[in-house]
Amino acid sequence: MLDFPFLRREPPALKGKSVTLRFPRPSDYREWAALRDESRAFLEPWEPRWAPDELDRSGWRSRIRRYRQEFAMGSAIAYLIFENVNRQLVGGITIGNIRYGVAQTAQVGYWMGERHAGKGYMQDAMEALISHAFGAMRLHRIEAACIPTNARSIHVLQKAGFTREGLLRSYLRINGVWQDHFIYALIADDRRASETRGRS
(Lines of atoms letter the chains of each structure in order from A and count residues from 1; the text may use other names and numbers.)
(Lines give C-alpha, C1' and ligand atoms only; values in the text may rest on other atoms or scores of the structure.)
Protein backbone atom coordinates (compact mmCIF):
# COMPACT_ATOMS: atom_id res chain seq x y z
CA MET A 1 0.00 0.00 0.00
CA LEU A 2 1.30 3.45 -0.91
CA ASP A 3 2.18 5.76 1.96
CA PHE A 4 0.78 9.20 1.15
CA PRO A 5 2.21 11.53 3.84
CA PHE A 6 -0.49 14.15 3.28
CA LEU A 7 -3.11 11.78 4.71
CA ARG A 8 -1.55 12.40 8.15
CA ARG A 9 -2.14 15.46 10.32
CA GLU A 10 1.50 16.50 9.98
CA PRO A 11 4.27 15.05 7.82
CA PRO A 12 6.98 13.07 9.58
CA ALA A 13 10.21 14.84 10.47
CA LEU A 14 13.12 13.79 8.27
CA LYS A 15 16.53 13.35 9.86
CA GLY A 16 19.82 13.66 8.03
CA LYS A 17 23.39 13.45 9.25
CA SER A 18 23.63 17.10 10.26
CA VAL A 19 20.07 18.45 9.97
CA THR A 20 16.46 17.61 10.72
CA LEU A 21 13.57 18.68 8.49
CA ARG A 22 10.34 19.53 10.32
CA PHE A 23 6.95 20.95 9.33
CA PRO A 24 6.68 24.67 10.28
CA ARG A 25 4.77 25.61 13.44
CA PRO A 26 3.39 28.95 14.70
CA SER A 27 6.04 28.96 17.44
CA ASP A 28 8.82 29.07 14.81
CA TYR A 29 7.93 32.65 13.86
CA ARG A 30 10.57 34.61 15.79
CA GLU A 31 13.50 32.46 14.73
CA TRP A 32 12.28 32.26 11.13
CA ALA A 33 11.71 36.03 10.84
CA ALA A 34 15.09 36.85 12.39
CA LEU A 35 16.98 34.53 10.04
CA ARG A 36 15.11 35.74 6.96
CA ASP A 37 15.59 39.39 7.95
CA GLU A 38 19.35 39.12 8.47
CA SER A 39 19.65 37.18 5.18
CA ARG A 40 17.42 39.44 3.08
CA ALA A 41 20.09 40.81 0.74
CA PHE A 42 21.47 37.28 0.31
CA LEU A 43 18.06 35.77 -0.57
CA GLU A 44 16.20 38.43 -2.54
CA PRO A 45 18.04 37.96 -5.88
CA TRP A 46 16.79 34.36 -6.05
CA GLU A 47 13.21 34.63 -4.70
CA PRO A 48 9.87 36.16 -5.71
CA ARG A 49 9.57 39.78 -4.60
CA TRP A 50 8.97 39.92 -0.85
CA ALA A 51 5.49 41.06 0.23
CA PRO A 52 5.17 44.18 2.44
CA ASP A 53 4.19 41.93 5.37
CA GLU A 54 6.80 39.27 4.50
CA LEU A 55 8.32 39.20 7.99
CA ASP A 56 5.25 40.25 10.00
CA ARG A 57 3.54 37.84 12.36
CA SER A 58 0.32 38.20 10.34
CA GLY A 59 2.21 37.16 7.22
CA TRP A 60 3.63 34.17 9.07
CA ARG A 61 0.15 33.10 10.16
CA SER A 62 -1.02 33.27 6.54
CA ARG A 63 2.01 31.25 5.49
CA ILE A 64 1.29 28.56 8.09
CA ARG A 65 -2.34 28.34 6.91
CA ARG A 66 -1.18 27.91 3.33
CA TYR A 67 1.34 25.23 4.33
CA ARG A 68 -1.39 23.31 6.15
CA GLN A 69 -3.84 23.65 3.27
CA GLU A 70 -1.30 22.49 0.71
CA PHE A 71 -0.31 19.55 2.89
CA ALA A 72 -3.97 18.59 3.45
CA MET A 73 -4.59 18.70 -0.31
CA GLY A 74 -1.46 16.66 -0.99
CA SER A 75 0.00 19.33 -3.26
CA ALA A 76 3.08 20.34 -1.22
CA ILE A 77 5.05 19.70 1.95
CA ALA A 78 7.07 22.55 3.49
CA TYR A 79 9.91 21.89 5.91
CA LEU A 80 12.13 24.07 8.04
CA ILE A 81 15.72 22.87 8.36
CA PHE A 82 17.29 22.68 11.82
CA GLU A 83 20.90 21.69 12.47
CA ASN A 84 21.12 18.73 14.82
CA VAL A 85 23.64 19.96 17.40
CA ASN A 86 21.99 23.14 18.68
CA ARG A 87 18.64 22.65 16.92
CA GLN A 88 19.08 26.07 15.34
CA LEU A 89 17.03 27.03 12.27
CA VAL A 90 19.26 27.27 9.20
CA GLY A 91 16.86 27.33 6.23
CA GLY A 92 13.87 25.79 4.53
CA ILE A 93 13.01 23.29 1.79
CA THR A 94 9.71 22.48 0.10
CA ILE A 95 8.54 19.69 -2.15
CA GLY A 96 5.64 21.06 -4.16
CA ASN A 97 3.44 20.57 -7.21
CA ILE A 98 3.15 16.92 -6.14
CA ARG A 99 1.43 14.81 -8.78
CA TYR A 100 0.61 11.12 -8.81
CA GLY A 101 -1.17 9.09 -11.47
CA VAL A 102 0.90 8.81 -14.64
CA ALA A 103 3.38 11.48 -13.48
CA GLN A 104 4.51 10.63 -9.91
CA THR A 105 6.57 13.80 -9.84
CA ALA A 106 7.19 16.91 -7.76
CA GLN A 107 9.31 20.05 -7.66
CA VAL A 108 11.75 21.07 -4.94
CA GLY A 109 12.64 24.58 -3.79
CA TYR A 110 14.90 25.71 -0.95
CA TRP A 111 16.57 28.60 0.85
CA MET A 112 19.42 28.91 3.33
CA GLY A 113 20.23 31.61 5.87
CA GLU A 114 23.34 33.50 4.81
CA ARG A 115 25.48 32.70 7.86
CA HIS A 116 24.73 28.99 7.45
CA ALA A 117 25.53 28.78 3.73
CA GLY A 118 28.47 26.71 2.58
CA LYS A 119 28.43 24.35 5.58
CA GLY A 120 26.80 21.36 3.87
CA TYR A 121 23.43 21.77 5.58
CA MET A 122 21.45 22.12 2.36
CA GLN A 123 23.18 19.13 0.82
CA ASP A 124 22.19 17.03 3.81
CA ALA A 125 18.63 18.37 3.74
CA MET A 126 18.35 17.57 0.05
CA GLU A 127 19.55 14.01 0.64
CA ALA A 128 16.96 13.48 3.38
CA LEU A 129 14.16 14.87 1.21
CA ILE A 130 15.15 12.84 -1.84
CA SER A 131 15.23 9.62 0.19
CA HIS A 132 11.73 10.39 1.49
CA ALA A 133 10.40 11.38 -1.93
CA PHE A 134 11.62 8.20 -3.62
CA GLY A 135 10.81 6.08 -0.57
CA ALA A 136 7.62 6.70 1.40
CA MET A 137 6.17 9.15 -1.14
CA ARG A 138 6.78 6.75 -4.04
CA LEU A 139 7.68 9.49 -6.50
CA HIS A 140 9.43 8.71 -9.77
CA ARG A 141 10.86 12.12 -10.68
CA ILE A 142 11.93 15.27 -8.82
CA GLU A 143 12.48 18.56 -10.64
CA ALA A 144 14.17 21.81 -9.63
CA ALA A 145 14.40 25.13 -11.47
CA CYS A 146 17.46 27.32 -10.99
CA ILE A 147 18.53 30.75 -12.27
CA PRO A 148 21.66 30.17 -14.42
CA THR A 149 23.77 32.58 -12.35
CA ASN A 150 22.92 30.92 -9.03
CA ALA A 151 26.15 28.96 -8.66
CA ARG A 152 25.42 27.81 -5.08
CA SER A 153 22.09 26.28 -6.06
CA ILE A 154 23.54 24.61 -9.15
CA HIS A 155 26.25 23.05 -6.97
CA VAL A 156 23.66 21.66 -4.55
CA LEU A 157 21.63 20.09 -7.36
CA GLN A 158 24.59 18.61 -9.21
CA LYS A 159 26.08 17.14 -6.04
CA ALA A 160 22.68 15.58 -5.24
CA GLY A 161 22.72 13.84 -8.62
CA PHE A 162 20.33 16.07 -10.58
CA THR A 163 20.84 16.35 -14.35
CA ARG A 164 20.32 19.59 -16.24
CA GLU A 165 17.73 18.98 -18.92
CA GLY A 166 17.29 22.36 -20.55
CA LEU A 167 16.55 26.06 -20.29
CA LEU A 168 13.08 27.44 -19.49
CA ARG A 169 12.90 30.94 -20.93
CA SER A 170 11.28 33.69 -18.84
CA TYR A 171 10.05 30.96 -16.49
CA LEU A 172 9.51 32.60 -13.09
CA ARG A 173 9.16 36.17 -11.88
CA ILE A 174 12.02 36.54 -9.42
CA ASN A 175 12.50 39.73 -7.41
CA GLY A 176 10.13 41.47 -9.82
CA VAL A 177 11.84 40.35 -13.05
CA TRP A 178 10.96 37.43 -15.34
CA GLN A 179 14.00 35.15 -15.29
CA ASP A 180 15.25 32.25 -17.40
CA HIS A 181 15.81 29.07 -15.41
CA PHE A 182 17.73 25.87 -15.95
CA ILE A 183 15.54 22.82 -15.32
CA TYR A 184 17.17 19.97 -13.41
CA ALA A 185 15.70 16.54 -12.72
CA LEU A 186 16.48 13.44 -10.70
CA ILE A 187 14.87 10.11 -11.61
CA ALA A 188 14.29 7.35 -9.06
CA ASP A 189 15.89 4.70 -11.29
CA ASP A 190 19.03 6.82 -11.74
CA ARG A 191 19.21 7.37 -7.99
CA ARG A 192 18.97 3.64 -7.28
CA ALA A 193 21.62 2.86 -9.90
CA SER A 194 23.94 5.46 -8.35
CA GLU A 195 23.42 4.01 -4.87
CA THR A 196 24.12 0.50 -6.17
CA ARG A 197 27.37 1.66 -7.78
CA GLY A 198 28.34 3.37 -4.53
CA ARG A 199 27.93 0.13 -2.57
CA SER A 200 29.94 -1.97 -5.04
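Going by UniProt numbering, the first residue of the sequence shown is number 1, and it counts up by one from there. Glycine included, each C-beta is placed from N, C-alpha and C at the ideal position. Please read all numbers here as calculations on a predicted model, not as lab measurements.
- If you look at Gln-104, you'll find it isn't in any alpha helix (DSSP H); DSSP assigns it neither H nor E.
- Look at the beta carbons and you see the region 154-164 not touching the region 58-75: under three pairs across the two are nearer than 8 Å.
- Pairing Gln-104 with His-132 gives a Cβ-Cβ distance that is not under 7 Å.
- Following the DSSP letters along the chain, one finds Gly-59 inside the alpha helix (DSSP H) bounded by residues 57-73.
- In the structure shown, the three-state DSSP call for Leu-186 is strand.
- If you check the CB distance, Tyr-184 and Leu-167 do not come in under 7 Å.
- Put simply, of Glu-83, Ala-188, Arg-25 and Arg-68 the residue whose alpha carbon is nearest the alpha carbon of Asp-124 is Glu-83.
- Here Asp-28 carries a helix assignment [DSSP, helix/strand/coil].
- Our two residues, Glu-47 and Ile-93, have alpha carbons roughly 13 Å apart in a direct line.
- In the three-state reduction of the DSSP assignment, His-181 falls in the strand class, which pools E and B.
- About 5 Å separates the CB atoms of Ala-144 and Val-108; that is less than 8 Å, so the two are in contact.
- His-155 counts as exposed, since fewer than 16 other beta carbons sit within 10 angstroms of its beta carbon.
- Counting only runs of 4+ residues, the alpha helix (DSSP H) found wholly inside the region 88-171 occupies 121-134 and 151-159, in chain order.
- In the DSSP assignment, Ala-41 falls within the alpha helix (DSSP H) that extends over 40-43.
- Scanning its chain for C-beta atoms nearer than 6 Å, with the 5 sequence neighbours on each side dropped, one finds around Asp-53 the residues Gly-59, in chain order.
- Shown here for Trp-178: same chain residues with a beta carbon closer than 7 Å to its own, the five before and five after excluded, namely Ser-170 in chain order.
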